[in-house]
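Undergrad: Note that this note's numbering numbers the sequence shown so that position 70 is 53, with each residue one more than the last. Cβ atoms here follow ideal geometry from the backbone N, Cα and C, with glycine treated the same way. The model shown is predicted, which means the values in this text are computed figures rather than measured ones. I'd like to ask you about the structure that follows.
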Amino acid sequence: MDQELSNKRFFFYRKVDFTMNIITFFYLIALFYTLIYWFAIFVWLFRTALLLALVLGIIETIQANRFARQYQERDRYYQQLNQQEVFSLLDSQQQTSSFLQFQKRKQGAA
């Protein structure tokens, strides 16, 4: 359930990011046009663009950190599972080898 929700959020933010890239493209065209023909609006648009970039950068950084934390927790969980499997395999191998040594000693004594 958490994985599904996490994936939905991830793809939602990817869609938002893609949409913002398209809007930014046309915004830059308008910015360039106003730079040439109407400088007062250019200054206003440029300040707005800087503010928008700051806000979107903060949002993307927060999301990236959240997803990184989730994947680190998942990786830690799988590492612990793998270590438990390795230790259980080692224990079973040690038990088998000690049993074989016991059998050899038993045969040697007989």
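Does the region 17 to 36 touch the region -9 to 2, meaning 3 or more C-beta pairs lie closer than 8 Å?
TA: Touching, no.
Undergrad: Would you mind sorting L(-12) into buried or exposed? The rule is 16 or more other CB atoms within 10 Å of its CB.
TA: It counts as exposed.
Undergrad: May I have the straight-line CA-CA distance separating L18 from F29, to the nearest angstrom?
TA: Their Cα atoms are separated by approximately 10 Å.
Undergrad: What is the rounded straight-line gap between the Cα of F9 and the Cα of R57?
TA: Spanning the two alpha carbons is a distance of roughly 39 Å.
Undergrad: Assuming L14 contacts F25 (C-beta within less than 8 Å), just tell me the rounded distance between them.
TA: Yes, L14 and F25 are in contact; Cβ-Cβ is about 7 Å, under 8 Å.
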